[in-house]
Amino acid sequence: MTKPVLRSYGGVSAAERRAERRARLLAAARTTWGESGIAAVTVRGVCKTAGLTDRYFYEHFANREQLLAAVADDVRDQLLSVLVEAGVSSPGPVEVKLTAALRAFLETVAGDRHIHRIVSSDPGDVPALVQRRRDVLTRIADLVVANAPAALGTVQDPASLRRAALFITGGVNQLIDGWLDGTIDLTAAELATECARLCIRVIGDTHP
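And the structure:
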């Protein structure tokens, strides 16, 4: 059977056109979610905003849930990149680095109302989003386990360190949720400092 030929038009390949359409759909969904909330993100509405037909939507996403998951992944990757870059580039001891990383994370969320609304949305009726929240917390806990001993210059019991990493990751997430919904009245800098102090205290107590 002869495979279809994927032609270029105007110097743009078929793969490039597909990537551009996917980017338009993601941008439309992210804007709609950020402006009007998660319930406002529909297949028809996203296609209209992106200027594409349903046919092109289903080239990339099986359904609305998959689209929402892709938007959440993009926002997650953006925030993790900010977190890591700020922590790595900040001079000083580990608590200073962690404070800088958390402050950059919080200021990015606070400075972009779209990101703020996306990360503070209740994912309860979208299983893929619930799973992604669990996965990102696990990834951050894994980073703590991998890097804490060298960063602190101490030897820790691996099992205790893992429990401590899960504890502080969940705890910081709860504090950030409270900050996002306004129940915690601190600046980004103040919350970052407090979270970093608590994290170092908990991790520092996991000696063998």
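Residue 47 in my numbering is what sits at position 55 of the sequence shown, and the numbering runs on without skipping anything.
C-beta atoms are modelled at their ideal positions from N, C-alpha and C, and glycine is treated no differently.
Extent of the continuous alpha helix (DSSP H) to which N165 belongs: Counting from one through the sequence shown, the residue named residue 165 turns up at place 173. Start and end: 150 to 172.
R95 vs V67 beta-carbon contact at 9 Å: Position 103 of the sequence shown holds residue 95. Position 75 of the sequence shown holds residue 67. Their beta carbons are not under 9 Å apart, which means R95 does not touch V67 by this criterion.
Top-ranked residue by Cα proximity to V111, from V137, A188, D173: Taking the first residue of the sequence shown as position 1, residue 111 is located at position 119. Per the Cα distances, D173.
Any alpha helix (DSSP H) of 4 or more consecutive residues that is wholly inside the segment 29 to 65: 35 to 42, 46 to 52
For I176, the first and last residue of its enclosing alpha helix (DSSP H): Residue numbering aside, residue 176 sits at position 184 when the sequence shown is read from its first letter. Neither: I176 is in no alpha helix (DSSP H) and is coded neither H nor E.
Test item: CB-CB of A156 and D197 under 9 Å: What you label residue 156 is simply residue 164 of the sequence shown in a count that begins at 1. What you label residue 197 is simply residue 205 of the sequence shown in a count that begins at 1. For A156 and D197, yes; Cβs fall inside 9 Å.
Simplified DSSP assignment, three categories, for V101: Residue numbering aside, residue 101 sits at position 109 when the sequence shown is read from its first letter. Three-state result, V101: helix.
Own chain partners of R125 with C-beta closer than 7 Å, once the 5 adjacent residues on each side are dropped: By 1-based counting over the sequence shown, the position of residue 125 is 133. Same-chain partners within the cutoff: P115.
For L90 and C191, believed in contact at Cβ under 8 Å, the rounded distance: On the sequence shown, position 199 is the one that residue 191 refers to. On the sequence shown, position 98 is the one that residue 90 refers to. Correct: roughly 6 Å between the Cβ atoms.
The alpha helix (DSSP H) enclosing V137, as first and last residue numbers: The residue labelled residue 137 in the question sits at position 145 within the sequence shown. Residues 119 to 144.
Host alpha helix (DSSP H) of V147 (start-end): One-based indexing of the sequence shown puts residue 147 at position 155. Neither: V147 is in no alpha helix (DSSP H) and is coded neither H nor E.
Residue from F159, L44, R13 with nearest C-alpha to L129: Residue mapping note: residue 129 aligns to position 137 of the sequence shown, counting from 1. Closest by alpha carbon: F159.
Helix, strand or coil at S112 [DSSP, three-state]: Position 120 of the sequence shown, counted from the first residue, corresponds to residue 112. Residue state, collapsed to three classes: coil.
Terminal residues of the alpha helix (DSSP H) in which T185 lies: Working through the sequence shown from its first residue, we reach residue 185 at position 193. T185 -> alpha helix (DSSP H) spans 180 to 196.
Cβ neighbours of I30 in the same chain (closer than 6 Å, five flanking residues each side left out): If you number the sequence shown from 1, residue 30 lands on position 38. Within the same chain, I30 has close Cβ partners S113.
E57 versus Q123: straight-line alpha-carbon distance, rounded: Numbered from its first residue, the sequence shown carries residue 57 at position 65. Numbered from its first residue, the sequence shown carries residue 123 at position 131. So the alpha carbons of these two residues sit roughly 12 Å apart.
G26 vs D104 beta-carbon contact at 9 Å: Residue 26 sits at position 34 when you count from the first residue of the sequence shown. Residue 104 sits at position 112 when you count from the first residue of the sequence shown. Yes.
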